[in-house]
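**Student:** Before I ask anything, here is the structure I am working with.
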Amino acid sequence: MSVQLFKKYTQAFVDSDWDTVSSIYAEDCVGVDPDGSIFEGRESNLANDKKWASMMSDFNFNYVNTVESGNSTVVELEITGTMTGEMETPDGSKIPPTGKTHTFKACMIMDWDNGKIKKQRIYSDFMSFMAGFGLMPS
């Protein structure tokens, strides 16, 4: 069941269907980004999703492997996007868009409560992410 919810979430993200994305988050959900930033509550997580979507156009999620255990879903992904918007760093500074398309690996872990995301953790190799988008040498 939770894999289907996960796919509903990622499809809504790709479609910029923010009402659906919002409805999948629990009111008190907690999200952790690959850079360690923590987002508390539905609105904070939704704002973070919109930030990512504004940075990269044409998001595509390729499911490499999925595992369900109890109320948790673990998904290994290959994510492709084109950096067409600014990237905001944790300190608030902004990196201009490069126009480069890159595929990077990520792992998302979602804990569910009554069909809602209660906790979300996203892990990714940020060095290859930055190099792939031309933001640092490879």
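Counted from 1, the sequence shown has number 606 at position 48 by this note's numbering; the numbering is strictly sequential.
Even for Gly, the Cβ is constructed at its ideal location relative to N, Cα and C.
Apply the 10 Å Cβ neighbour rule to Ile582 and answer buried if 16 or more other Cβ atoms are within range, or exposed otherwise.
**Tutor:** With 16 or more other Cβ atoms within 10 Å, it is buried.
**Student:** Can you tell me which of the three DSSP states Met645 falls into?
**Tutor:** Strand, per DSSP.
**Student:** I need the straight-line Cα distance from Ile637 to Thr659, nearest angstrom please.
**Tutor:** In a straight line, the C-alpha of Ile637 is about 10 Å away from that of Thr659.
**Student:** Mind listing, in chain order, the continuous beta strand (DSSP E) runs of no fewer than 3 residues lying wholly within the stretch 570 to 648?
**Tutor:** Counting only runs of 3 or more, we get 583 to 590, 596 to 598, 614 to 627 and 630 to 641.
**Student:** Tell me the DSSP secondary structure of Phe564 in three-state form.
**Tutor:** Three-state DSSP puts Phe564 in a helix.
**Student:** Which partner residues of Phe662 appear in the DSSP bridge assignment?
**Tutor:** Partner(s): Ile637.
**Student:** On the three-state DSSP scale, how would you describe Met668?
**Tutor:** Met668 falls in the strand class under three-state DSSP.
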